[in-house]
Every structure is written in structure tokens, then in C-alpha cells.
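Residue numbers (the numbering used here): 124 to 499.
Backbone N, C-alpha and C fix where the C-beta goes; we use that ideal spot for every residue, glycine too.
Predicted model only: the values in this text are computed from it and were never measured.
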Ligand SMILES: Cc1cc2nc3c(=O)[nH]c(=O)nc-3n(C[C@H](O)[C@H](O)[C@H](O)COP(=O)(O)OP(=O)(O)OC[C@H]3O[C@@H](n4cnc5c(N)ncnc54)[C@H](O)[C@@H]3O)c2cc1C
């Protein structure tokens, strides 16, 4: 049975997949089918492992909500300087990841934008950006200054208050939902089992992992935990603490003859960040708030108001756009905001806490997990 997508614009349909019964065993069981679990599943199948993925709602968590930006430069803030090489490497891994995925799917998967404009609206916003750009350049990140004419050539329709900006030459973006759907397609074509269920318990017994779901038990040589911001699984081995950071994000669609964007725009408006990321067919993603409020998935009017207020100063034509989607996603976060990708012992691998950068980091996390799976 293939899950039936709802009618409506392509980009807001849930991803589709074919559910499988729970097998008795697999080489690798992956708990969680977000961008992290699915990327790992695909790469594990490529190296010849039998793979079962378990998730009650595949591709519906933070990964379905995300902006899809690969912000290897934008994410280098003063606090993140120590991670600059990690982010740069992660960005470089996207070209081969997309090429391989396109080849496997038999269809070219494009970036939705291949660079990013950063601009501040008020004088204090511009000063904040100048300060950060100076720092990013000192780390040899490629950032070019743009005057208003150059901005107009690249992103027509920016608000009048924006006088100058910068081009982050290496920050691209992908359509997160297209990537998730493609991963679901290719891994199912390679005979992975996609089990629609919740993992209730995990333990090590007689030299293997025993994973209990609400419908049965599966054993495996390696278990990979990629459960995003969900509370830690009930397990005989202690798992890292992850907490959620909520973000509201909107999807909008241009009306006929409305100005469209083709470059990602990251802006600061009165000290608040917002971004507009292009999608196909005149759609764009507007994000995002960042609030620590547990697992509350309510889309609050005040947050939507804030995003739209800021966005219309940056790109006034957004007033004519149709709102097609408003959602909250939970960014999975560790105490120091750095992801944890490691073998906790005897083949229990965690790939957790990718916070604001799960898309950017997915290819490199998947590569790292495959290295761990192949360790003798
Ligand atoms: C508003 C917003 C914007 C973002 N924008 C960007 C961006 O532009 N670029 C970027 O790189 N990152 C971005 N991120 C961050 C990125 O979305 C996350 O880091 C990434 O999606 C995390 O992926 P994941 O696979 O770990 O988690 P998820 O996508 O949340 O997937 C986890 C899965 O685990 C499943 N699960 C949980 N518990 C169990 C269980 N017990 N049994 C079975 N399954 C279980 C869930 O059902 C879920 O499907 C954004 C996040 C948000 C919220």
C-alpha cells in the first residue's frame, strides 16, 4: 500500500512511501526517518548492508519543516569559529551527495539557490553584519560586498531601506522536501524496510541489539539512533540528552505576475534574523523563530506576525504572496549545540543533536556513520 499524498501544492504534501512489516532481523536498524536517518540508510544500503528503518511518521519531523539552507558561512558566528572547518567540509560534501542521489534517482536534483545575500535593514543591523563579515573573512570564508545596484541585479525587489549587502559565495540551499522524498524513493528501491512504528525499548542481549516496537521485536548487529528532538529512548544503554528548540516557518507562493526570488536572502531587521529561501514554481520559505518551549507544536499568531512584519521590510512584494503553510519544527539540540555522532559501544551508534544544521551536516554525518558501521 502506498500512502496517498493530499491534494494541494507539491511542496506541502506529506512525503509518500510504502510501509513494510517488521522483519525479524537486519544488519542495521535505524530509529528515525528524518534527513539524518534517511541519509544514513541510503549510504548503508550502498555499502551492502540490509537496513530496516523504524518511524511512526517518516519524514515529518524537523526535516520536513526546515529551510534547507546549507549555511556553511552564515552559520559561522563568533561562538562557532571552532567549527569552521567542519562546516566547510560539510558543505563540500553536498556536491557529491547530490550527484550520487541524482544518479540513483535517474533525475537531476538541483540546488534551489547557489549563493546567499545577507543584508541589514537598519544602521545597527548593518553594523552587526559588517562586524560578523569581517570575522568570517578573517577565516578565509568567501564573502563579497555588494552595493545597491549589485543587490538589485541579483535579487530585484529588496526593500528601500537596504543600501548594501554581502554575497556569501558558498552558501547554497536545497529543497528539503524534495531531498526527503528522493531519499525515501531510492532506499525503498534498494529494498530497505520502512516500518511505521514507535521504538519502545532497546537493549543489548546475547551479542546483538534487541529492539522492541509496539508491534514486535527485531534484532540487529548495529542500531543507529536518529530520533531528532524526541526524548531519549528507553534503553539499557544510556543515551545523550537532546532538547528541542522550536521554530515557526512559513511557506508562501507568488501570485501570477508577482516578483519572485531566486537567491536566498538572510536579513537582520531590528536585531532579529529572518530568511527567505526560494523554491520551485514561485514558492518561498520564510523563517524562522527560535524559542525554547518544549514540545509545543502550536503555530502562534505572534510569531507569524513577527516573521511577516520583518519579511515585508526586506522584500515588500511578499504582501502579494499566498500563505500555503505554517508549521513549527523542533531543532534537536545538545547542551553545547554540537551534534553527537559516535559509537557508544559495540555498535550502538547515535546521530543526534544537529540543531540548526541538520541538512548542511547530513552528508558528512552519513559518511561518518558508515565509517563506524564498517569498523572491524
Ligand atoms: C524552523 C527550522 C528551520 C531549519 N532550517 C534549517 C536549514 O535551513 N538548514 C539546515 O541545515 N537545518 C535546518 N534546520 C535544522 C534541521 O531541520 C534539523 O537539524 C534536522 O532536520 C534534524 O534531522 P533529524 O533527522 O535528526 O530529526 P527529524 O527530522 O526530527 O527526524 C527524527 C525522526 O525520528 C522519529 N522518532 C522519534 N522518536 C522515535 C521513536 N521512539 N521511534 C521511532 N521513530 C522515532 C520522528 O518521528 C522523526 O521522524 C531547521 C530546523 C527548523 C525547526
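For residue 482, the CB falls within less than 6 Å of some heavy atom of ligand 1. In the DSSP assignment, residue 149 falls within the unbroken beta strand (DSSP E) covering 148-154.
A straight line joining the alpha-carbon of residue 148 with that of residue 333 spans about 9 Å.
With contacts defined by Cβ atoms closer than 7 Å, residue 213 and residue 484 form a contacting pair.
Between residue 319 and residue 142, the beta carbon gap of about 5 Å places them in contact (Cβ cut-off 8 Å).
One alpha carbon belongs to residue 420, the other to residue 392, and they sit about 25 Å apart. For residue 221, same chain residues with a beta-carbon under 6 Å away, outside a window of 5 residues either side, are 232 in chain order. Exclusion of the five residues before and after residue 385 leaves 401 as the residues of its chain whose Cβ lies within less than 6 Å of its Cβ. Counting along the chain, residue 426 sits inside the alpha helix (DSSP H) bounded by residues 424-437. Non-local beta-carbon contacts of residue 444 in its own chain, meaning distances under 8 Å to residues more than five positions away in sequence, involve 375, 376, 377, 378, 381, 407 in chain order. Around the Cβ of residue 339, a 10 Å sphere holds fewer than 16 other Cβ atoms; the residue is exposed. Relative to ligand 1, the nearest heavy atom lies less than 6 Å away from the CB of residue 157.
Taking a cut-off of 8 Å for Cβ pairs, the stretch 293-312 and the stretch 184-201 touch, as three or more such pairs fall below it.
Pairing residue 371 with residue 437 gives a Cβ-Cβ distance that is not under 7 Å. Closer than 6 Å to some heavy atom of ligand 1: that does not describe the Cβ of residue 470. Restricting attention to 272, 219, 188, the CA atom closest to the CA of residue 287 is found in 272. Within the stretch 438-474, the beta strand (DSSP E) runs of at least 3 residues that lie entirely inside it are, in chain order, 445-456, 463-466. Taking residue 146 as reference, the option from 412, 353, 317, 430 with the minimal CA-CA separation is 317. The stretch 490-499 and the stretch 223-237 do not touch, with fewer than 3 CB-CB distances between them shorter than 8 Å. Using a Cβ-Cβ distance cut-off of 8 Å, the stretch 159-168 and the stretch 348-367 are in contact, since at least three pairs of beta carbons, one from each stretch, lie closer than that value. Around the Cβ of residue 328, a 10 Å sphere holds fewer than 16 other Cβ atoms; the residue is exposed.
Shortest gap from the CB of residue 477 to any heavy atom of ligand 1: under 6 Å. In the three-state reduction of the DSSP assignment, residue 390 falls in the strand class, which pools E and B. Distance from residue 209 to residue 489 at the Cβ level is roughly 15 Å; contact not present, criterion being Cβ atoms closer than 8 Å.
Between the beta-carbon of residue 482 and that of residue 156 there is about 15 Å, and that puts the pair past the 8 Å contact cut.
Taking C-beta separations shorter than 6 Å and ignoring five residues to either side along the sequence, the partners of residue 172 in its chain run 150, 151, following chain order. When secondary structure is reduced to three states using DSSP, residue 162 falls in the helix class.
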